[in-house]
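Student:
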Amino acid sequence: MSGNRPEAGGNPLTHAVKLARETVPPMHPAGRPFVFGGLAATLLLRRFSKRLGVAGALTTAAVAAFFRAPKRVAPSRGGIAVASADGLVSLIEEATPPPELGLPAEPRMRVSVFLSVFDVHVQRTPANGVIERVAYRPGKFLSADLDKASEDNERNSVLMRTEDGHELVVVQIAGLVARRILCEIREGDKVGIGETYGIIRFGSRVDLYLPEGSKALVEKGQRTVGGETVIAELPVVPAKG
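Each step along the sequence shown adds one to the number in our numbering, with nothing skipped, and position 203 is 210.
Shown next, in the form of structure tokens:
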């Protein structure tokens with residue numbers, strides 16, 4: 008009989024709440040005003056029509072889902088760069104990093120990930136390291152899946168130096184619908200691989216520029232999981248001595 012009893016001190020309600028928290032991803036703080044506004048609108052619409060109330064509730068739920076920020080487990084091995092976003096690898100090519108970062112105008116491998124409105128839209132740092140520069144540049148709002156979106160669209164660029172001394176550049180790019188880029192890290196911040204650092208509303212693209220000698224481990228058309236999918240192996244740093 009004792010084998011069928013709940014564990015000592017166990018509470019079914021507490022266990023249910025724990026399961027819910029583990030199943031339902033937390034929401035990025037940037038989504039709170041939208042969700043709270045949606046809830047207020049839903050209550051107001053509900054007074055006039057049940058159907059409008061249901062529509063408002065569904066819309067609010069969709070907005071909350073857009074701002075989800077699920078927990079991710081980054082790979083523990085060193086010498087890699089992970090995806091900064093969930094989405095579809097749309098381009099793998101040589102390109103020059105954004106000029107506002109002040110880097111040499113030399114082509115580097117660029118991996119572009121396109122985010123649809125259904126993807127998780129928080130961005131994550133690709134490696135352990137220190138943020139050296141953050142630069143915002145206003146621009147157009149072309150469809151983020153176009154090649155020229157990297158050059159013409161509004162963007163926020165981050166230059167970081169990994170623990171091994173490699174330069175990585177991550178660029179948040181606004182899209183056709185996206186009109187707001189949020190970046191929560193500053194120059195001098197020390198970051199860990201897979202940490203959330205920003206979000207783009209609503210539909211966008213993220214470019215990752217890699218140092219020379221990197222080996223891409225993804226293919227065009229592959230889907231990525233931000234903070235977990237390994238985008239590339241970085242060049243091996245010679246041992247000192």
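Each residue gets a CB set at the ideal place from its N, CA and C atoms; glycine is no exception.
Give the C-beta separation of Leu122 and Arg212 to the nearest angstrom, bearing in mind that I take them to be a contact with Cβ-Cβ under 8 Å.
Tutor: In the sequence shown, the residue the question calls residue 122 occupies position 115. In the sequence shown, the residue the question calls residue 212 occupies position 205. The pair is a contact, with the Cβ atoms about 7 Å apart (cut-off 8 Å).
Student: Can you tell me which of the three DSSP states Phe43 falls into?
Tutor: Mapped onto the sequence shown, residue 43 falls at position 36. Phe43 falls in the helix class under three-state DSSP.
Student: Are the region 133-140 and the region 187-196 touching, with three or more C-beta to C-beta distances below 8 Å?
Tutor: The region 133-140 is in contact with the region 187-196.
Student: Give the secondary structure of Phe121 by DSSP, where H, G and I count as helix, E and B as strand, and everything else as coil.
Tutor: In the sequence shown, residue 121 corresponds to position 114, counting from 1. It is a strand residue.
Student: By the 10 Å Cβ neighbour count, where 16 or more other Cβ atoms means buried, how is Pro36 classified, buried or exposed?
Tutor: The count along the sequence shown starts at 1 and reaches residue 36 at position 29. The residue in question, Pro36, is exposed, as its Cβ has fewer than 16 Cβ neighbours within 10 Å.
Student: Buried or exposed for Ser83, please, with buried defined as at least 16 other CB atoms from any protein chain shown within 10 angstroms of its CB.
Tutor: As a first step, residue 83 must be located in the sequence shown, where it is residue number 76. By the 10 Å Cβ count, Ser83 comes out exposed.
Student: Report the residue from Gly220, Gly228, Gly233 and Arg187 whose alpha carbon sits nearest the alpha carbon of Thr173.
Tutor: Indexing the sequence shown from 1 puts residue 173 at position 166. Checking the sequence, you will find His at residue 173 rather than Thr. Nearest option by C-alpha distance: Gly220.
Student: Can you list, in chain order, the residues of its chain with a C-beta nearer than 6 Å to that of Ile295? Leave out the 5 residues immediately preceding and following it.
Tutor: No answer is possible for residue 295: the residues shown for the chain start at 8 and end at 248.
Student: At 3 residues or longer, what runs of the beta strand (DSSP E) sit wholly inside the region 90-145?
Tutor: Here the runs fully enclosed are 94-102, 115-122, 129-131 and 136-144.
Student: Would Ala88 pass as a contact of Leu217 if the rule is Cβ separation under 8 Å?
Tutor: Here residue 88 is taken as the residue at index 81 of the sequence shown, counted from 1. Here residue 217 is taken as the residue at index 210 of the sequence shown, counted from 1. Their beta carbons are under 8 Å apart, which means Ala88 touches Leu217 by this criterion.
Student: Exposed or buried, what is Pro133 when buried is set at 16 or more other beta-carbons lying within 10 Å of its beta-carbon?
Tutor: Residue numbering aside, residue 133 sits at position 126 when the sequence shown is read from its first letter. Under this definition Pro133 is a buried residue.
Student: Three or more beta-carbon pairs under 8 Å between the region 101-118 and the region 57-70, yes or no?
Tutor: The answer is no - the region 57-70 does not touch the region 101-118, with fewer than three Cβ pairs under 8 Å.
Student: Between Thr231 and the rest of its own chain, which residues show a CB-CB distance below 8 Å, the 5 nearest in sequence each way excluded?
Tutor: What you label residue 231 is simply residue 224 of the sequence shown in a count that begins at 1. Cβ within range, chain order: Ala90, Ala92, Asp93, Gly94, Leu95, Val96, Val120, Val225 and Ile238.
Student: Using a Cβ-Cβ cut-off of 8 Å (strictly less than) and excluding sequence neighbours within five positions of Ala223, which residues of its own chain qualify?
Tutor: What you label residue 223 is simply residue 216 of the sequence shown in a count that begins at 1. Contacts found: Ile99, Met116, Val118, Leu217, Ile238 and Ala239.
Student: Measure from the alpha carbon of Phe74 to the alpha carbon of each residue in Asp214, Ile207 and Arg53, then state which is nearest.
Tutor: The residue labelled residue 74 in the question sits at position 67 within the sequence shown. The shortest Cα separation from Phe74 among Asp214, Ile207 and Arg53 belongs to Ile207.
Student: Which residue comes first and which comes last in the beta strand (DSSP E) that contains Ser221?
Tutor: Here residue 221 refers to the residue found at position 214 when the sequence shown is read from its first residue. Taken as a continuous stretch (DSSP letters only), Ser221 belongs to no beta strand (DSSP E), as it is neither H nor E.
Student: Is DSSP giving Thr236 helix, strand or coil here?
Tutor: The residue given as residue 236 occupies position 229 in the sequence shown. Here Thr236 sits in coil by DSSP.
Student: Please report the distance separating the alpha-carbon of Glu14 from that of Gln130.
Tutor: By one-based count along the sequence shown, residue 14 stands at place 7. By one-based count along the sequence shown, residue 130 stands at place 123. With a pLDDT of only 49 at Glu14, under the threshold of 50, the placement of this residue in the model should not be trusted; the figure read from the coordinates follows. In a straight line, the C-alpha of Glu14 is about 40 Å away from that of Gln130.
Student: Using only CA atoms, which one of Ile200, Glu113 and Phe125 lies nearest to Ala68?
Tutor: Mapped onto the sequence shown, residue 68 falls at position 61. Checked all of Ile200, Glu113 and Phe125; the closest Cα to Ala68 is Phe125.
Student: What would DSSP say about Arg84, mapped onto helix, strand or coil?
Tutor: Your numbering for residue 84 matches position 77 in the sequence shown. If DSSP states are grouped into helix, strand and coil, Arg84 belongs with coil.
Student: Just the C-alpha distance for Thr103 and Ser164, rounded to the nearest angstrom, thanks.
Tutor: In the sequence shown, residue 103 corresponds to position 96, counting from 1. In the sequence shown, residue 164 corresponds to position 157, counting from 1. Rounded to the nearest angstrom, the two C-alpha atoms are 13 Å apart.
Student: Considering just the uninterrupted stretch of the beta strand (DSSP E) at Gln229, what are its terminal residues?
Tutor: Counting from 1 along the sequence shown, the entry for residue 229 is found at position 222. No beta strand (DSSP E) holds Gln229; DSSP gives it neither H nor E.
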